Structure formats: structure tokens, C-alpha cells
């Protein structure tokens, strides 16, 4: 059977690559996270020791270390709150945009969609950098505020949590709009007219008809924003200050500055565990989508 | 009519929000002053400086090289995944297959980067390869997380187009391989090109994973740019931004051209 051979080749080439370069690395993080840390290179002891007898040299010390110190727990909480707030604002801005794009006529719709997604193609790092310029003390935003007389002296807009939220909402917005648009686009506009004919007002039409139908899009977009933002490193590093420490920064420093590999691995693995539920949700939506061609 | 005004207002302010920062960046790139925020006059000075900056030029070449190679590899593997998920019924441990091919889409880059670095170090301890990290290790990491993006595009197209065309060709005596090369691949070619472009820009743009997996002689452009703007502003980076933004926007437009081509 030639077909079978060919199918196997198609399935197993990427399978092999992803197991080797994605799954095994994740397993190694777990392995190092339960290894005993020590001074040296590499800075941890072997997990399996075969000297006179086999010894399984595992410890949960690294996890206990993380969970005992509010420095680490606090950063997790800060990141989760940051991700929640940013997702909320992405949704708040993204939903009306996606809705109005989806309800435009076909020609305009395609142009608008391209316009919304194009900025996503330009460099992420540079888009964050652009906000650094805008929010400077003598930047454009302060200039406008001063000229309008809203403030008498420049405000410190940069290097705080609000700048971080701003940067995240800006860079992740297209990721929210795309899936929302995907679901709203399939939606039959006659339903809006029908519900109006049946006597529902605008607000009721929205709550009873439009919103329930766009829930899968809301979930998909929210997950695409929420999960990566929990581990976001660049934006807090560029726009944030010392008022709040986030998970990404702590993990980065634990590895590169403190050189505590087991500690950093335990942080990374805890991050994976915290994100497991959202990721599973994401996969359910993803696989349902891939089976049914929903978007 | 009132709703039309609201609609135009929302769309306009949304687009303004998305494009305003990019325009500001391009505007300031023409500022002659070394102090970025103080306008002194229109000039191409920093573009000149940029092209004389060997560190940036070198990093740019390294980045392009890695991006082109990893886009090519991830496109091949991504097409295989997309095809398998849509056209092949029996995939062993399918849930695991979906896990492997979709999780890199959302997993924080920091966790991905750390896991790749620790993997390369462990691999080196076991088999003595890779002895040092550099362009090769960045390439492998980029392929790994770009695969998912290509796969999702290919999957979308394959579900879109009618399977009957393939079946008709089979009935006419084409074998499996011939159908793939003569029918399926040509039909999804625009999506393959779109996938390649997406993978290319993602690789070109990546800072976090590259920072973890880099080594001597492999400073990519984002790594160099980040080191320059982490603590302040840089007029050279402004000029670079303007050029890169326009180049990447162009790639984006080409992407949409190919991606839409199939959708008619």
C-alpha cells in the first residue's frame, strides 16, 4: 500500500520534530525543576544517580521555595491580574471594531480587515518602542495634554503599570479582533432584523441574539491574548517601572541573573500548570474549529 | 443614520489607534537632533548613520538568514500537519498531535525559550551536540514555534476547498502522490506562500526565544535593537523602525494578496 507509506511520512515527520524539539524540552524543564540545585556547571545535581546503587535524586525544594516567598507568588498574581485587565480592554475595544467590520459591505469589509491586521505584521518590539516615544515626559501625549490645559506640567506616563497595559492592549488587539471577526462574519445579519421585527430593542437584540452567537469568538480571542500576556516579558521591561514585578521578569532574572536553573524551571513549570486550563480550552476550540471549518 | 455615525466613528478611532504610534515613529526618524524627543529639523542623517552601523547591518543579515531558513522548514512541516489533520483520518494519539501542533501558538515565549535552551544544554551533555549555541539553535527553535502558525493557515484552506476535486482526480486514475502534487498542492499554493511569509516575519521579529537560544556570533536584529532601546531612545533605531515597518507592512500586504487569492 503506497498510500499508507505516504500518509505515515506526512504524519510522522512533523510528529518527530515536535516531540524532539517541543515535548522533550518541556519534559526537561520538569526534570530540572525537581533536581537538587547546587553551585557548579550545570547548577544542579543529576536526577538519576547510578553509583553503587540506583538513586532517584528528586526534590520538591524548588517549588516549596517559590511558594513560600511572596516575591514569586506576588509576581504570578500581578501577571494574572495584568492579563485579565488587558484582555478585558482588548475585548472592549476589539468587539465593536470586529462587529462593525463584519457588518460592513463585502468590499469595505476586506479592506478594513487587512487594515486592522497589517500593524500586526510590523515589528512587535518596535511597536512597543513607539509607545515609549509617545509616553515620554516631552512626548506627543504630554504635549497635547499641556496645550489643552488639562495639566499644567508633564505627567509621568511612562514606567508604570498603566503604560504596560497600554502597550499590551495595543500590540495584542489584532489577536482579539481576528477570531471575533471570524465568528461575527458567519453570522446571519437577517437575525438582527428578525429580532427587531419581533419587538426586541437594540440592547435586547444585542444581549439575546448577537452576544450568545459570538461567545466562541470571545473565548478564542480572549485566550489568544490572555495566555501569552501572562508570560509577557518585553512590554513590562520597556514600558513598566519598578511599581510592579511580573512573572516574566522574575523568571528571566532567576535564570540569567541568579543562575538558579532549577528555580527558573520550577517557575516555568508552575506557569505551565497555571496556564493548563486556558490552554486546554484553547485546544478544544482549535480542534473543533479544525474539524468543522467554523471560521 | 445615527448608527452609521457611531459606526464610522468607532472604525475610524480604531484605525487611528492602530496606526498613530507607527506614524509617530516614522515622523521622529527624520528628526536631526540626537535627543530624539526635541525636534530640530528634517533630515536623513540617522538613515545615513544606520547604514554605517556595522553591528546593525550584520545582525540584519543574520536575522534574514535565520528567518528564511526557518520559514522554509516550518512551511514544509506545517503543510504536512495541516494536511494530516484535515485529510488523514487515522492519526495515532491525535489529541497529542493537536497538543504538539497548537500549543506553541499560545505558550508564552519565555517558557518556550527556557525549555529550548535547557534542552540544547542537556543534549550537548548527552551527545556532545550542539557544542555551542548560535544560529543553528535559533533556527531549530524558530522552526518549532512557526510550524503551528503555518499549520493553522493550511488547515483553514484545506477545509475550505472541495474534496471532490481530489476524488475526481483519483477516479481518473491519478494515484495518491500524483493527486497531491498535481492537484492539492497547486490549489493551496497561495496559502503555502502566505504561511511562509507569516513564519518569516515571526522569526524575524522574535526577541525572547532568540535571546535564550543565541550564542557567540548570532546576534539577531531584535537582540541588538532591544539592547539599544531597553533603557532609552535611539535615533538610529528610529530610522531602522521606519524602514522595517514599511518593509514588513509590504510583506503583510503581499501575504493578504496570497491568502485572499484562494478565497475569491
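Protein chains in written order, with my numbering: chain A, 1 to 295; chain B, 1 to 264.
Beta carbons: idealized from backbone N, C-alpha and C, even for Gly.
Predicted, not measured: the structure shown is a model, and the values here were computed from it.
Check this for me: beta carbons of residue 273 (chain A) and residue 76 (chain A), under 8 Å apart or not? With respect to residue 76 (chain A), residue 273 (chain A) sits apart: the two C-beta atoms are not nearer than 8 Å.
Closest Cβ-Cβ distance between residue 14 (chain B) and chain A: below 8 Å? With a threshold of 8 Å between beta carbons, residue 14 (chain B) makes contact with chain A.
So, helix, strand or coil for residue 247 (chain A), using DSSP? In the structure shown, residue 247 (chain A) sits in a helix (DSSP, three-state: H, G or I).
For residue 219 (chain B), which residues in the same chain have their Cβ closer than 8 Å to its Cβ, ignoring the five residues on either side in sequence? Taking residue 219 (chain B) as the centre and dropping the five residues before and after it, the same chain places the C-beta of 55, 58, 59 and 62 closer than 8 Å to its C-beta, in chain order.
Under 8 Å Cβ to Cβ from residue 281 (chain A), same chain only, skipping five residues before and after it: list those, please. Leaving aside the five residues that flank residue 281 (chain A) on each side, the residues in its chain whose CB is nearer than 8 Å to its CB run, in chain order, 219 and 223.
Check each residue of the stretch 121–148 of chain A: if its Cβ is closer than 7 Å to any Cβ of chain B, include it; give the result in chain order. Residues are counted here when their Cβ sits less than 7 Å from a Cβ of chain B; for the stretch 121–148 of chain A these are 121, 122, 123, 124, 125, 126, 127, 129, 130, 131, 132, 133, 134, 136, 138, 139 and 140, given in chain order.
Cβ closer than 8 Å: which chain A residues qualify as neighbours of residue 230 (chain B)? Annotation: Cβ neighbours of residue 230 (chain B) in chain A (cutoff 8 Å, chain order): 237 and 238.
For a cutoff of 8 Å on Cβ pairs, would you count residue 83 (chain B) as touching chain A? Judged by the 8 Å Cβ criterion, residue 83 (chain B) is in contact with chain A.
Tell whether a beta-carbon distance below 8 Å holds between residue 134 (chain A) and residue 125 (chain A). No, the pair does not count as a contact, with Cβ atoms beyond the cut-off.
When DSSP labels each residue in this structure, what does residue 132 (chain B) get in the three-state scheme? Correct three-state label for residue 132 (chain B): coil.
Which term fits residue 230 (chain A), buried or exposed, when burial requires 16 or more other beta carbons within 10 angstroms of its beta carbon? Under this definition residue 230 (chain A) is a buried residue.
CB-CB under 8 Å to residue 1 (chain A), same chain, minus the five flanking residues each way: which ones, in chain order? With a pLDDT of only 45 at residue 1 (chain A), under 50, the local geometry of the prediction cannot be trusted, and no value is derived from it.
Run through DSSP, which three-state label would residue 218 (chain B) get? Residue 218 (chain B) sits in coil when the DSSP states are folded into three classes, being neither helix nor strand.
Three-state secondary structure (DSSP) at residue 255 (chain B)? Three-state result, residue 255 (chain B): helix.
Taking the straight line between their C-alpha atoms, what separation do you get for residue 95 (chain B) and residue 205 (chain B)? Here the alpha carbon of residue 95 (chain B) sits roughly 30 Å from the alpha carbon of residue 205 (chain B).
Counting only the same chain and skipping the five closest in sequence on each side, list residues whose C-beta sits under 7 Å from that of residue 155 (chain B). The beta carbon of residue 155 (chain B) is closer than 7 Å to those of 82, 85 and 86 in its chain, skipping five residues each way along the sequence.
Supposed contact pair residue 146 (chain B) and residue 64 (chain B) - C-beta distance, whole angstroms, cut 8 Å: Residue 64 (chain B) to residue 146 (chain B), Cβ: 15 Å. No contact.
To the nearest whole angstrom, what separates the beta carbons of residue 117 (chain A) and residue 238 (chain A), a pair I think is in contact under 8 Å? Not confirmed; about 23 Å, so no contact.
State whether the stretch 30–47 of chain A contacts the stretch 56–67 of chain A, with contact taken as three or more CB pairs (one from each stretch) at a distance under 8 Å. Between the stretch 30–47 of chain A and the stretch 56–67 of chain A there are three or more inter-stretch CB-CB distances shorter than 8 Å, so the stretches are counted as touching.
Starting from residue 54 (chain A), trace the alpha helix (DSSP H) both ways and give me its first and last residue. Looking at the DSSP string, residue 54 (chain A) is not in any alpha helix (DSSP H); the run it does join, the beta strand (DSSP E), is 54–56.
So, does the stretch 175–182 of chain A touch the stretch 81–96 of chain A, judging by three or more C-beta pairs under 8 Å? Touching, per the Cβ criterion.
Excluding sequence positions up to five away, which residues of its chain have a Cβ less than 6 Å from the Cβ of residue 79 (chain A)? The answer, listed in chain order, is 230, 246 and 247.
Excluding five sequence neighbours on each side, which residues of the same chain lie with their C-beta closer than 7 Å to the C-beta of residue 145 (chain A)? So the list reads 151 and 155, once near-sequence residues are dropped.
Tell me the DSSP bridge mates of residue 49 (chain A)? Checking the DSSP bridge columns, you'll see residue 49 (chain A) partnered with A:55.
For the alpha helix (DSSP H) containing residue 196 (chain A), list its first residue and its last residue. First-last of the alpha helix (DSSP H) with residue 196 (chain A): 190–197.
Mapping the DSSP letters down to three states, classify residue 78 (chain A) as helix, strand or coil. In this structure, residue 78 (chain A) counts as helix in the three-state DSSP scheme.
Start and end residues, alpha helix (DSSP H) containing residue 107 (chain A): Looking at the DSSP string, the run of the alpha helix (DSSP H) that includes residue 107 (chain A) is 106–121.
Is it buried or exposed, residue 242 (chain B), if we count other Cβ atoms within 10 angstroms and call 16 or more buried? Only buried fits residue 242 (chain B), as 16 or more other CB atoms lie within 10 angstroms of its CB.
Nearest CA to the CA of residue 199 (chain B): which residue from B:141, B:187, B:121 and B:44? Out of B:141, B:187, B:121 and B:44, the CA that lies nearest to the CA of residue 199 (chain B) is found in B:141.
When the Cα atoms are used, what is the spatial distance from residue 87 (chain A) to residue 6 (chain A)? Going from the Cα of residue 87 (chain A) to the Cα of residue 6 (chain A) covers about 43 Å.
Can the beta-carbon of residue 267 (chain A) be found closer than 8 Å to that of residue 250 (chain A)? Against a cut-off of 8 Å, the Cβ pair of residue 250 (chain A) and residue 267 (chain A) comes out as a contact.
Contacts that residue 268 (chain A) makes with chain B (C-beta to C-beta distance below 8 Å): Within chain B, the residues placing a beta-carbon under 8 Å from that of residue 268 (chain A) are 110, 111, 114 and 115, ordered along the chain.
Residue 137 (chain B) and residue 215 (chain B) closer than 8 Å at C-beta: Cβ distance < 8 Å, so residue 137 (chain B) and residue 215 (chain B) count as in contact.
What is the C-beta distance between residue 185 (chain A) and residue 130 (chain A), in whole angstroms, given that I count them as a contact (C-beta under 8 Å)? The pair is not a contact, with the Cβ atoms about 30 Å apart (cut-off 8 Å).
Flag this pair as touching only if the stretch 249–262 of chain B and the stretch 189–199 of chain B have three or more C-beta atom pairs under 8 Å; answer yes or no. Short answer: they touch.
Of the listed residues A:136, A:98 and A:173, nearest to residue 17 (chain B) (C-alpha basis): The closest CA to that of residue 17 (chain B), considering only A:136, A:98 and A:173, is found on A:173.
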